[in-house]
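Undergrad: -5 is the number of the first residue of the sequence shown in the numbering used here; add one for each residue after it. Here a beta-carbon is modelled for each residue, glycine too, at the ideal position from N, C-alpha and C.
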Amino acid sequence: MVEYELIKGEGRARVNVTVSSMGSDLVVRIHNQDAHIGAVAVGDYDYEHERASVSVVTRLGHKDDTLAKEAAYLLSKSTRRPVCVVAGVHLDNITAEEIDRILANTKLAVSEIIDVCGLQKGAN
């Protein structure tokens, strides 16, 4: 995988996701039309204990850590490789329903990325 782009949802809850390879590692960007760096999460897979671990850095005043952390964890655990997720989704006057839709759209994108990585792994 060199680069893979997805768009999930529509309207204000639309999420853009880009996946790039960095060697065998993955770099994932999650954003909307107001893209920025809100949080960065690094997921790593521990083969000895068969588990993923995630570290997160969040910029002051930003709340993108939930998106970044969950995506990094799911991707690292499923693909068994290092993953860096940069998340920056901003909406003025966001509602609870929009937050839920953004989280759901991000989960759909992450699931699709996991499927594509699994297909590519099976092709090798």
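1) According to DSSP, which residues form a beta bridge with Cys111?
2) Work out the CA separation of Asp40 and Ile24 for me, nearest whole Å.
3) Rounding to the nearest angstrom, what Cα-Cα distance links Asp86 and His30 in this structure?
4) Taking all protein chains shown into account, decide if Ala90 is buried (16 or more other Cβ within 10 angstroms of its Cβ) or exposed.
5) By DSSP, does Asn10 sit in helix, in strand, or in coil?
6) Helix or strand or just coil, what does DSSP make of Val104?
7) Report the rounded CA-to-CA distance for Arg45 versus Ile107, giving the unit in angstroms.
TA: This is what the structure holds:
1) BP columns for Cys111 are empty, so no partner.
2) 24 Å
3) 14 Å
4) So Ala90 ends up on the exposed side.
5) strand
6) helix
7) 19 Å
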